[in-house]
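Using full-length UniProt numbering, you'd call the opening residue of the sequence shown number 1 and step up by one each time.
We treat Cβ as the ideally placed atom computed from N, Cα and C, and that holds for glycine.
Everything numeric in this text was worked out from a predicted model, so none of it was measured.
The structure appears right after this line, and notes come after that.
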Amino acid sequence: MANLKYIINTESLIAKYIVAFALGVIIGLKLLPVPVVVGLQVILAIVCVLHCLKGNITGFFIWLPYAVYNEVYVRGFARWFPYLAMQYLYIICFAILFFTIPRLKKPHSNAWIFLAIFSFVEIANNVYPDKAAIGRQILTQSFALLATVVWASYNVLKPALINKLLDNAKVACVVLAGIVFVAHITGKINYGLYSNSESSNGLAPVQLSGYLGFGCILFFLSIMNPQDLKNRTINIVVLAVVATVMVLTFSRGGLYFLGAVVCLFFFYNRDKLASYARVLIFIPIAAFIYFYVVNQTGGKIVARYEQEGTSNRDVLINIGFTIFADHMIFGVGTGNFNTTIVREKLYSEESGAHNEYVRAAAEHGVIGIFFYWGFYLFLLFEILKRQRLQKQYAIYFFALFCLIIIHNGLKIAIQPLVIMLVVATPTLIYQPKKHVYNREYSDQEFA
């Protein structure tokens with residue numbers, strides 16, 4: 001009976017990934033018209049809001065990943081659709097959950113206070129924006145992050161709920177991989193030494209690095225999880241497919257994100273020989289990906305990863321600190337980085353900072369550094385006080401989030417989801433009705 005259940009569960013998972021990839025290919029081939037996909041995005045958003053209104057947090061987290069991963073396609077091909085639709089959804093849903101679902105009387109994390117003060121600094125420093133649209137966009141992104149962090153500070157995600165969320169995130173990632181893969185089965189791609197929208201099927205390759213990198217990390221952690229042995233082969237195959245698609249976008253960020261988390265994993269498990277033995281699993285995966293992408297790109301992928309520099313991100317970082325040195329107290333104002341770099345002849349064209357730490361310093365001076373950087377330092381301090389797997393997994397996602405905001409700024413919808421996983425997984429579990437802290441989850445439960 002147990003073997004029958006195992007076979008059914010395994011076949012069900014394989015079917016999910018096959019259907020997800022096939023759906024992605026259908027969307028990527030535009031067999032589903034763009035307005036239909038946008039309509040699906042609207043339906044997903046409505047479903048998420050309805051689940052929140054009903055107090056069904058499980059239903060909300062089951063459907064949220066699909067809305068998150070579909071966003072990159074909608075942004076790419078439906079320019080008429082609100083660019084910050086997912087950020088609005090985060091604000092609405094987490095506000096509903098905060099005020100309607102029972103929560104802790106006291107937050108288990110106080111780092112949100114730094115972020116809340118910084119968000120109001122953003123408002124106060126947006127009185128005379130050079131471009132109001134840019135200011136509104138930044139404020140919306142900041143408050144989407146704040147809404148998520150505040151809710152996560154007053155709530156605890158149970159292991160079963162985390163598993164549902166991440167399982168559906170993996171399926172949604174496979175759909176996106178299918179969309180991008182279409183580029184490699186239709187037409188000729190002109191590969192170069194830069195992030196390539198042709199090889200990403202017209203989607204933003206830098207943003208894709210965050211979405212696909214997060215998915216690859218989830219598949220890697222599933223492979224290394226001794227509690228998920230039965231699905232290891234499936235996870236290996238899917239990781240190989242998603243990682244290959246990710247590398248072929250020519251955006252290096254996703255591979256760096258995955259590499260950082262892999263290094264952190266082996267650091268925390270350095271005393272477990274079994275963990276290192278499992279590295280052998282990844283040798284054929286890495287070999288397959290390497291030889292396939294080298295052959296597919298005519299060797300240009302190797303030159304891309306050997307290329308020095310960070311696509312001018314290092315230049316923008318230096319410019320950001322130059323602005324900070326000239327406007328140290330209050331900065332240049334929310335959203336004014338883009339115009340200041342041209343006005344002060346620091347850069348030839350308008351550009352965002354692509355790095356939230358630098359933007360906070362340049363636009364808000366020492367106040368921005370104290371509260372924005374302080375949020376992450378205080379949160380890291382809280383994480384380091386956690387025990388066992390809660391600390392490990394929080395560190396993985398914390399590192400991922402920090403790397404994404406250095407690489408992407410605060411532009412993609414996956415980021416609030418990642419920071420929620422960092423904040424809402426404390427070691428101590430508070431029970432509102434009993435007003436006591438309950439036991440820790442065991443490693444097996446949390447895994």
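- Note the first and the last residue of the continuous alpha helix (DSSP H) segment covering Leu-97. Taking the sequence shown and counting its residues from 1, one reaches residue 97 at position 97. Per DSSP, Leu-97 belongs to the alpha helix (DSSP H) from 85-100.
- Task: Flag this pair as yes or no: are the beta carbons of Leu-115 and Phe-397 separated by less than 7 Å?
- Result: The residue you call residue 115 lines up with position 115 of the sequence shown. The residue you call residue 397 lines up with position 397 of the sequence shown. No. Outside cutoff.
- Query: When burial is assigned at 16 or more other CB atoms within 10 Å of the CB, is Asn-125 buried or exposed?
  - Reply: On the sequence shown, position 125 is the one that residue 125 refers to. Per the 10 Å Cβ criterion, buried.
- Where does Pro-65 land, buried or exposed, given buried means 16+ other C-beta within 10 angstroms? Here residue 65 corresponds to residue number 65 of the sequence shown, with the count starting at 1. Classification of Pro-65: buried, given that the 10 Å Cβ count is 16 or more.
- Item | Inter-residue spacing [alpha-carbon to alpha-carbon] between Leu-89 and Phe-77 | Within the sequence shown, the letter at position 89 stands for residue 89. Within the sequence shown, the letter at position 77 stands for residue 77. One C-alpha to the other measures close to 20 Å.
- Just the C-alpha distance for Leu-31 and Leu-316, rounded to the nearest angstrom, thanks. Locating residue 31 in the sequence shown gives position 31, where the first residue counts as 1. Locating residue 316 in the sequence shown gives position 316, where the first residue counts as 1. So the two alpha carbons sit approximately 40 Å from each other.
- Ser-142 versus Phe-371, Gln-390 and Glu-382, residue with shortest Cα-Cα distance: In the sequence shown, residue 142 corresponds to position 142, counting from 1. Out of Phe-371, Gln-390 and Glu-382, Phe-371 has the C-alpha closest to the C-alpha of Ser-142.
- Message: Looking at Val-261: is its Cβ nearer than 7 Å to the Cβ of Ile-319?
- Response: Position 261 of the sequence shown, counting from 1, holds the residue named residue 261. Position 319 of the sequence shown, counting from 1, holds the residue named residue 319. In this structure, Ile-319 does not lie closer than 7 Å to Val-261 by Cβ.
- Message: With a threshold of 7 Å on Cβ separation, who are the neighbours of Ile-91 within its own chain once the five nearest residues in sequence on each side are excluded?
- Response: For the purposes of this step, residue 91 is taken as the residue at position 91 of the sequence shown. Excluding positions up to five away in sequence, the list reads Phe-143, Ala-144 and Ala-147.
- What number of angstroms, rounded off, separates the C-alpha of Glu-363 from the C-alpha of Ile-323? On the sequence shown, position 363 is the one that residue 363 refers to. On the sequence shown, position 323 is the one that residue 323 refers to. Their backbone Cα atoms lie some 8 Å apart in a straight line.
- Query: Out of Arg-313, Val-342 and Thr-244, which has the shortest C-alpha to C-alpha gap to Tyr-292?
  - Reply: The count along the sequence shown starts at 1 and reaches residue 292 at position 292. It is Thr-244 whose Cα lies nearest to the Cα of Tyr-292.
- Taking Leu-212 and Leu-264 to be in contact with their CB atoms under 8 Å, please state how far apart those CB atoms are, rounded to whole angstroms. The sequence position of residue 212 within the sequence shown is 212, counting from 1. The sequence position of residue 264 within the sequence shown is 264, counting from 1. 19 Å between Cβ atoms; not a contact.
- When you compare each of Phe-181, Thr-339 and Arg-388 to Ile-26 by their alpha carbons, which one comes out closest? The count along the sequence shown starts at 1 and reaches residue 26 at position 26. Selected option, being the one with the closest Cα: Phe-181.
- Skipping 5 residues on each side, what residues in its chain have a beta carbon closer than 7 Å to that of Ser-200? Here residue 200 refers to the residue found at position 200 of the sequence shown. Counting only Cβ-Cβ distances below 7 Å, and skipping sequence neighbours, we find Val-180, Ala-183, Leu-208 and Thr-249.
- Message: Distance check for Leu-40 and Val-19, CA to CA, integer angstroms please.
- Response: As a working note, residue 19 is residue 19 in the sequence shown. As a working note, residue 40 is residue 40 in the sequence shown. Those two C-alpha atoms are separated by around 17 Å.
- Note down, one range per segment and in chain order, each alpha helix (DSSP H) of at least 4 residues found wholly within the stretch 206-248. 232-247
- What does a CB cutoff of less than 6 Å around Val-74 pick up in its chain, not counting 5 residues either side in sequence? Counting from one through the sequence shown, the residue named residue 74 turns up at place 74. Taken in chain order, the residues that qualify are Val-38, Gln-41 and Phe-81.
- Item | Range of the contiguous alpha helix (DSSP H) that encloses Ile-405 | Your numbering for residue 405 matches position 405 in the sequence shown. Segment 388-407, the alpha helix (DSSP H) holding Ile-405.
- Query: How long is the line joining the alpha carbons of Lys-164 and Val-127, rounded to whole angstroms?
  - Reply: To locate residue 164, count along the sequence shown from 1; it is residue 164. To locate residue 127, count along the sequence shown from 1; it is residue 127. Using only the alpha carbons, I get a separation of about 43 Å.
- Task: May I ask you to verify whether the stretch 130-142 touches the stretch 374-394, counting CB pairs closer than 8 Å and requiring at least 3?
- Result: no
- Item | Short Cβ contact (7 Å threshold) for Leu-97 with Cys-48 | Along the sequence shown, one-based indexing puts residue 97 at 97. Along the sequence shown, one-based indexing puts residue 48 at 48. Result no, Cβ atoms of Leu-97 and Cys-48 do not sit closer than 7 Å.
- Buried or exposed for Phe-21, please, with buried defined as at least 16 other CB atoms from any protein chain shown within 10 angstroms of its CB. Numbered from 1 along the sequence shown, position 21 holds the residue referred to as residue 21. With 16 or more other Cβ atoms within 10 Å, it is buried.
- Extent of the continuous alpha helix (DSSP H) run through residue 449: The shown model of the chain, from 1 to 447, leaves out residue 449, and the question about it has no answer.
- Query: Going along the chain, which residues of its own chain have a beta-carbon closer than 7 Å to the beta-carbon of Ile-14, five neighbours each way excluded?
  - Reply: In the sequence shown, counting from the first residue as 1, residue 14 sits at position 14. Excluding sequence neighbours, Ile-14 sits near Ile-234.
- Message: Mapping the DSSP letters down to three states, classify Val-313 as helix, strand or coil.
- Response: For the purposes of this step, residue 313 is identified with residue 313 of the sequence shown, where counting begins at 1. Before going on, a small fix: residue 313 reads as Arg here, not Val. Correct three-state label for Arg-313: helix.
- Task: Below 8 Å CB to CB, which residues in the same chain sit around Val-206 once its five sequence neighbours on both sides are set aside?
- Result: Indexing the sequence shown from 1 puts residue 206 at position 206. The residues are Ser-195, Ser-251, Gly-253, His-407 and Asn-408.
- Message: Here's a check: name, in chain order, each residue in its chain whose Cβ is nearer than 7 Å to the Cβ of Ile-419, leaving out the five neighbours to either side.
- Response: For this step, residue 419 is matched to residue 419 along the sequence shown. So the qualifying residues of the chain are Leu-145, Thr-148, Val-149 and Phe-401.
- Give me the Cα-Cα distance between Asn-355 and Ala-394, rounded to the nearest whole angstrom. As a position in the sequence shown, residue 355 is number 355, starting the count at 1. As a position in the sequence shown, residue 394 is number 394, starting the count at 1. Distance between the alpha carbons of Asn-355 and Ala-394 is about 21 Å.
- Message: Along the chain, where does the alpha helix (DSSP H) containing Ser-153 start, and where does it finish?
- Response: Counting from one through the sequence shown, the residue named residue 153 turns up at place 153. Taken as a continuous stretch (DSSP letters only), the alpha helix (DSSP H) holding Ser-153 covers 132-153.
- Item | Short Cβ contact (7 Å threshold) for Asn-168 with Ile-329 | Counting from 1 along the sequence shown, the entry for residue 168 is found at position 168. Counting from 1 along the sequence shown, the entry for residue 329 is found at position 329. Against a cut-off of 7 Å, the Cβ pair of Ile-329 and Asn-168 comes out as no contact.
- Between Phe-94, Cys-93, Leu-403 and Val-358, which lies nearest to Gly-210 when the distance is taken from Cα to Cα? As a working note, residue 210 is residue 210 in the sequence shown. Of the candidates Phe-94, Cys-93, Leu-403 and Val-358, the one whose C-alpha sits nearest the C-alpha of Gly-210 is Leu-403.
- Have a look at residue 471 and Arg-388 and give me their C-alpha separation to the nearest angstrom. This structure cannot settle anything about residue 471, because the visible part of the chain is limited to 1 through 447.
- Assign Ile-283 to buried or exposed, taking buried as 16 or more other Cβ atoms, counted over all protein chains shown, within 10 Å of its Cβ. Locating residue 283 in the sequence shown gives position 283, where the first residue counts as 1. Answer is exposed; the Cβ neighbour count stays below 16.
- First and last residue of the alpha helix (DSSP H) that includes Arg-343? Looking up residue 343 in the sequence shown gives position 343. Unbroken alpha helix (DSSP H) run through Arg-343: 337-343.
- Thinking C-alpha only, which one of Thr-58, Thr-100, Val-34 and Phe-94 is nearest Pro-416? Numbered from its first residue, the sequence shown carries residue 416 at position 416. Of the listed residues, the one whose Cα sits closest to Pro-416 is Phe-94.
- Task: Let me know if Ala-160 comes out buried or exposed under the rule of 16 or more other beta-carbons within 10 Å of its beta-carbon.
- Result: By one-based count along the sequence shown, residue 160 stands at place 160. Exposed is the call here.
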